[in-house]
Amino acid sequence: MTDTGAQRVVIVGGGTSGWMAAAALAKLLPRRCSVHLIESEAIGIVGVGEATLPHIRAFNDRLGIAESDFMSWTRATFKLGIEFRNWGRIGDSYVHPFGTFGRGQGEVDFHHYWTRLRLQGLNPPPLERFSMACTMAREGRFTRPTTEPGRITTTFGYAYQFDAVLFAPYLRQLAESLGATRTEGKVVDVELNGETGHIRAIKLESGERIEGDLFVDCSGFRSLLLGEALGEPFQDWSRWLPADRAAAMPCRTETAVTPYTSAIAMPAGWRWRIPLQHRTGNGYVYSSAFVSDDEAASALAGAVEGDAIAQPRTLRFRAGRRERSWVGNCVAIGLASGFLEPLESTSIYLVQQAITALLELFPERGIAPSDRDEFNRIIDLEYDRIRDFLILHYHATERDDSEFWNYVRTMPVPDSLAEKMELFRRRGRIVKYREGVFLDASWVAVYLGQRVRPLGYDPRADLPPADALLRGMGELEAEVAAAAEAMPNHLDFIRGYCPMAAAA
Ligand SMILES: Cc1cc2nc3c(=O)[nH]c(=O)nc-3n(C[C@H](O)[C@H](O)[C@H](O)COP(=O)(O)OP(=O)(O)OC[C@H]3O[C@@H](n4cnc5c(N)ncnc54)[C@H](O)[C@@H]3O)c2cc1C
-4 MTDTGAQRVV IVGGGTSGWM AAAALAKLLP RRCSVHLIES EAIGIVGVGE ATLPHIRAFN
56 DRLGIAESDF MSWTRATFKL GIEFRNWGRI GDSYVHPFGT FGRGQGEVDF HHYWTRLRLQ
116 GLNPPPLERF SMACTMAREG RFTRPTTEPG RITTTFGYAY QFDAVLFAPY LRQLAESLGA
176 TRTEGKVVDV ELNGETGHIR AIKLESGERI EGDLFVDCSG FRSLLLGEAL GEPFQDWSRW
236 LPADRAAAMP CRTETAVTPY TSAIAMPAGW RWRIPLQHRT GNGYVYSSAF VSDDEAASAL
296 AGAVEGDAIA QPRTLRFRAG RRERSWVGNC VAIGLASGFL EPLESTSIYL VQQAITALLE
356 LFPERGIAPS DRDEFNRIID LEYDRIRDFL ILHYHATERD DSEFWNYVRT MPVPDSLAEK
416 MELFRRRGRI VKYREGVFLD ASWVAVYLGQ RVRPLGYDPR ADLPPADALL RGMGELEAEV
476 AAAAEAMPNH LDFIRGYCPM AAAA
């Protein structure tokens, strides 16, 4: 404890998760804790992680970050969803949008009406045309959503695509201005309390010893405190998510600065394309059991749509999570707690959820097991649900053109996912979540986009006469198209709102 009775929080690691945690704790719990962060520039940060989910806007808002300033600094673009190419079959393309299909109102979800018309052979237009976010993405348009109830322009959300290397320094400035302190140095030892097993202090290569009450492990894949010092086991999920490497290679932007991320299926995984203001991020996420590093790097180099800015860099990882993220007085956040591949841009979201749970359950006068258990329950649930959603992308495919796709198409999936898929196949039903990230429209987009076609629908969708339903859909389609057409081009909007800062 400090003189004022506040907890001494020691954060190990100064990547995105370390500085997000430092800024949030310094801003929102200034009377409850002091924040001290240790990082090693010699070790560096993972330096990827460019695509986000809309939740990050709420995080930035709570920290008082002005959107245009943050976007200028990190050279960010807007993201309305993810385009998946070649997933169900080679040649397929669908967008997983941030927003609803239809107006997202009413008791019966829009896709049930659409499924009814399809099963009755009435050929409704493609589902994407009823999504504001999908239509804007396809047309390369962007403006921020409106708030007047009932308007079609209220039915989408957005996130950012930003330069991962610039985000942590941006947050560092903020955290330090709020009183967080930083030590440059390499942690070489962790001192445990022999009785409680809690961490008492960490030791740096310089010989310095730093004590704390609560230790936040943001040390990346190495999981220095939770994994190495406390020995918390890792649950390996690679049998369902076999991708274990990525080759990353930025290039000059020579094609459109799309307001979406692309995930393009490849013979042994998939390739990301993330356009930023100053360059385009690319990477091939693959399974080393099915392709060599050299083959993957050259496949990526051959596929990118612009001159390379750097040679391909290989990153290694394993899908899964630590059994518990909070053990004793150590809370792991970010890659130190686990990793699920970047197919749905969920890692920074998981960091944010862990920070929010830590703020809500921040220890008072010692650590209560009930707080710790609740934190672990929230984090486990988030990981488990994202895991199922990611597996769906691989498993729901008709591709049989490579060993990799044959493996993922035929592999047994977790029971929790098998049950969800069966409900959707039978009657188009999405299992409702009260907590967790991906809601109905996300599952609908991926199921239908990957050719999981329901054999039935919610019986209440039979209520309106078919001609009235078709007419209503035609009107909605026209309304969405007209609203998108009235919006500015994505890049024009950015130029007027948040052009990249010279300082960046
Ligand atoms: C291929 C790939 C693509 C990704 N794409 C996305 C994406 O699109 N969207 C998304 O949300 N996420 C993505 N991620 C995940 C994202 O990059 C991370 O979640 C995010 O960067 C947070 O990383 P981190 O801060 O936990 O770890 P790191 O960035 O690795 O930071 C670890 C920190 O710990 C410090 N450290 C380590 N050991 C020591 C030591 N001994 N002493 C002192 N300091 C130490 C390091 O110096 C560093 O500061 C991706 C990850 C990978 C691998």
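For the record, in the sequence shown the residue sitting at position 153 is 148 according to our numbering, with numbers rising by one throughout.
A virtual CB, placed ideally from N, CA and C, is assigned to each residue, including glycine.
Residue of Ala305, Phe151 and Val7 minimising C-alpha distance to Leu75: Closest by C-alpha distance to Leu75, out of Ala305, Phe151 and Val7, is Phe151.
Euclidean distance between Cα positions of Gly145 and Arg98: 8 angstroms
Taking C-beta to C-beta, are Leu166 and Thr11 nearer than 9 angstroms? yes
Opposite Asp184 in the DSSP bridges: which residues? Lys198
Bridge partner(s) assigned by DSSP for Asn484: DSSP output for Asn484 lists Arg136 as bridge partner(s).
Taking Cβ positions, are Phe357 and Phe433 nearer each other than 9 angstroms? Using a Cβ distance threshold of 9 angstroms, Phe357 and Phe433 do not count as a contacting pair.
As assigned by DSSP and simplified to three states, the class of Gly276: Strand.
So what does DSSP say about Leu464, is it helix, strand or coil? helix
State buried or exposed for Leu295, treating a residue as buried only when at least 16 other CB atoms are found within 10 Å of its CB. buried
What do you get for Leu418, buried or exposed, if any count of 16 or more other CB atoms within 10 angstroms of its CB means buried? exposed
Among Arg113, Glu369 and Thr309, nearest to Ser320 - alpha-carbon criterion: Glu369
Could you check whether Leu169 and Ile33 sit closer than 9 angstroms to each other, using their CB atoms as the reference points? no
Return the first residue and the last residue of the alpha helix (DSSP H) that Gly297 is part of. Where Gly297 is concerned, the enclosing alpha helix (DSSP H) stretches over Asp288 to Ala298.
Report the option in Val41, Asp104 and Asp462 whose CA atom is closest to the CA atom of Lys427. Asp104
For the region 248 to 256 against the region 297 to 304, do three or more pairs of beta-carbon atoms, one drawn from each stretch, fall closer than 8 angstroms, so that the two count as touching? yes
Just tell me which of Thr341, Gly469 and Asn371 has its CA closest to the CA of Glu355. Among Thr341, Gly469 and Asn371, the Cα nearest to that of Glu355 belongs to Asn371.
Compare the C-alpha of Leu221 against each of Ala436, Val7, Met468 and Val475 and name the closest. Val7
Beta bridge counterpart(s) of Phe73 as assigned by DSSP: Tyr155
Determine the direct distance from the alpha carbon of Cys213 to that of Gly9, and round the result to whole angstroms. 7 angstroms
C-beta contact flag for Ile374 and Ala352 at 9 angstroms: yes
Can you say whether Ile85 is buried or exposed, counting buried as having 16 or more other CB atoms within 10 angstroms of its CB? exposed
What is the DSSP secondary structure of Trp265, counted as helix, strand or coil? strand
Using DSSP with H/G/I as helix, E/B as strand and the rest coil, what is Ile51? helix
Other residues of its chain near Trp438: CB distance less than 6 angstroms, five sequence neighbours each side excluded: Ile425
Just the C-alpha distance for Gly226 and Phe216, rounded to the nearest angstrom, thanks. Each residue's CA atom was taken as its position, placing Gly226 and Phe216 some 14 angstroms apart.
Which residue from Glu377, Glu290, Arg422 and Asn81 puts its Cα closest to that of Asp396? Nearest in C-alpha terms to Asp396, of all of Glu377, Glu290, Arg422 and Asn81, is Asn81.
Limits of the alpha helix (DSSP H) - the one that Leu32 falls within: Counting along the chain, Leu32 falls outside any alpha helix (DSSP H), though it belongs to the beta strand (DSSP E) covering Cys28 to Glu34.
Flag this pair as yes or no: are the beta carbons of Pro307 and Met244 separated by less than 9 angstroms? yes
Using only the alpha-carbon positions, how far apart do Phe399 and Ser233 sit? For the pair Phe399 and Ser233, the Cα-to-Cα distance works out to about 13 angstroms.
If we define contact as Cβ-Cβ less than 9 angstroms, is Ala21 a contact residue for chain B? Absent here is chain B; the protein component of the structure consists of one chain.
Quickly, what does DSSP pair Phe229 with across the bridge? List them, please. Arg317
Of the residues Asp462, Pro407 and Thr253, the one placed nearest Ala487, counting alpha carbons only: Per the sequence shown, the amino acid found at residue 487 is Asp instead of Ala. Checked all of Asp462, Pro407 and Thr253; the closest Cα to Asp487 is Thr253.
C-alpha gap between Ala71 and Asn277, whole angstroms: 15 angstroms
Taking three-plus beta-carbon pairs below 8 angstroms as touching, is the region 105 to 120 in contact with the region 476 to 485? no
On a CA-only basis, which of His107, Thr275 and Pro25 is nearest Asp435? Give me that one, please. Selected option, being the one with the closest Cα: His107.
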